[in-house]
Each structure stands twice: as C-alpha cells, then as structure tokens.
Amino acid sequence: MIIKDEEFGEVIVRRNPLSNGVKFTVSTSGRLQMSVPKHASEFLIKRFLKQNRAIIREKLPVKDPSTQRARDAKKKILMKQAREYLPYRLDYWAKRYGYSYERCRLTHANTRWGSCSSTRTISLNIGLMKVPEKLRDYVILHELSHLNHMDHSQAFWAEVQSHDPHYREHRKKLKMFSPGV
Ligand SMILES: [Zn+2]
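The numbers in numbering that gives the first Met the number 0 rise by one with no breaks, and the one at position 117 of the sequence shown is 116.
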C-alpha cells in the first residue's frame with residue numbers, strides 16, 4: 000500500500016505478519032518505507048507517521064518529493080540527449096575501425112558506464128552525456144574492443160590503446176565521475 004504524505008511524499012507501507020511494531024527504512028529510490036503489523040489500519044498508520052515525524056526527519060535522509068521530481072526530470076533530459084547522440088557516436092567509431100555489433104542499448108544503472116554482451120549488444124549509460132567527450136569516446140572504444148576480446152586481457156588493452164593512445168589517463172579521469180543521475 001502507498002500513502003501520500005505532504006512532507007515525505009509517497010510512503011510505501013508493507014504489512015509484516017511477523018512484526019508487532021513499526022519500522023522505518025528508506026527505499027533505494029529515496030522513498031520512505033514503513034513496515035507495520037498485519038492488521039494495522041490506515042488511520043493508525045497515518046497517526047503513527049504524524050507522531051514520529053521528528054524522528055524520521057532526523058534519522059532517515061528522506062528525499063523530499065521535489066528533489067525526486069528534479070532528479071526524474073534530469074534523467075529524462077539526459078535520456079533524450081543520449082538517444083540523439085550515443086547510438087550515432089557508437090556507429091561512427093564502429094565504422095571507422097571496422098567493428099560490427101548487433102545493437103546499442105541505453106541504460107541508467109548506477110554502477111557501470113557500459114558493457115558488451117556475448118550477443119554483441121553494446122550498452123551505454125546515459126550518464127556518459129555528463130562527462131567530457133574524450134572520456135565518453137574511451138568508454139565506447141573500450142566496449143567496441145570487447146567485441147574481439149570478452150575479457151580484460153593484455154590483448155584487449157592493446158586493442159583499446161590502438162584506438163585511444165591516452166586510454167590510461169581517460170580511464171583514471173573517468174573515476175572522478177559517477178554514472179548515476
Ligand atoms: Zn571492459
């Protein structure tokens with residue numbers, strides 16, 4: 000069940016048959032989660048929330064709805080920019096160095112910039128639109144090189160280097176950015 004709260008936005012309520020108390024946590028998307036006893040009524044849940052505002056505010060870094068909305072909007076803009084740029088840039092480098100891949104997929108995972116699957120699908124993170132072009136190109140060339148080497152062997156890095164002689168520096172600089180939005 001989801002209840003709307005004027006301060007915390009959408010609060011996810013989970014009924015837990017094993018608990019007889021209320022527990023607060025924050026979901027990965029930044030929303031407040033409440034675990035409540037199985038038969039707690041909505042009225043009681045709302046009252047409990049109201050009575051514990053100060054504690055929640057203090058102990059849990061709940062993102063207020065406007066922050067969440069701003070982040071969603073940012074993601075949407077990045078996705079639009081990425082769609083208009085990354086597949087073409089990938090295609091450009093693939094043609095230039097004679098690679099053929101199956102398809103290009105855009106992702107927004109928080110942990111990786113790109114990947115290349117055994118089915119020759121290249122995934123690129125929309126967060127690449129936030130980094131300098133040289134670093135963006137390094138990621139693309141890295142993933143293209145995986146089409147020939149599905150590992151990080153010496154032969155793989157030699158291939159990356161043949162396309163991007165400064166790949167070491169680019170790889171290092173990329174660590175200063177995070178793929179997450
Ligand atoms: Zn790799």
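Yeah, the Cβ is synthetic: ideal placement off N, Cα and C, and Gly gets one too.
Remember, predicted model here, so these are calculated numbers, not experimental data.
Helix, strand or coil at residue i according to DSSP, with G and I counted as helix
i: G20; result: coil
i: E5; result: coil
i: M33; result: strand
i: V130; result: coil
i: L105; result: strand
i: V180; result: coil
i: S116; result: coil
i: R56; result: helix
i: R68; result: helix
i: R111; result: coil
i: L146; result: coil
i: S152; result: coil
Beta-carbon proximity of residue i to residue j, cut-off 8 Å
i: C103; j: L146; result: no
i: M33; j: V25; result: no
i: R14; j: V35; result: yes
Assumed close pair residue i, residue j - CB separation to whole angstroms, cut-off 8 Å
i: T120; j: P178; result: The pair is not a contact, with the Cβ atoms about 18 Å apart (cut-off 8 Å).
i: L77; j: I125; result: 5 Å
Distance cut-off 7 Å: residue i Cβ against heavy atoms of ligand 1
i: H141; result: yes
i: H162; result: no
i: H145; result: yes
i: H151; result: yes
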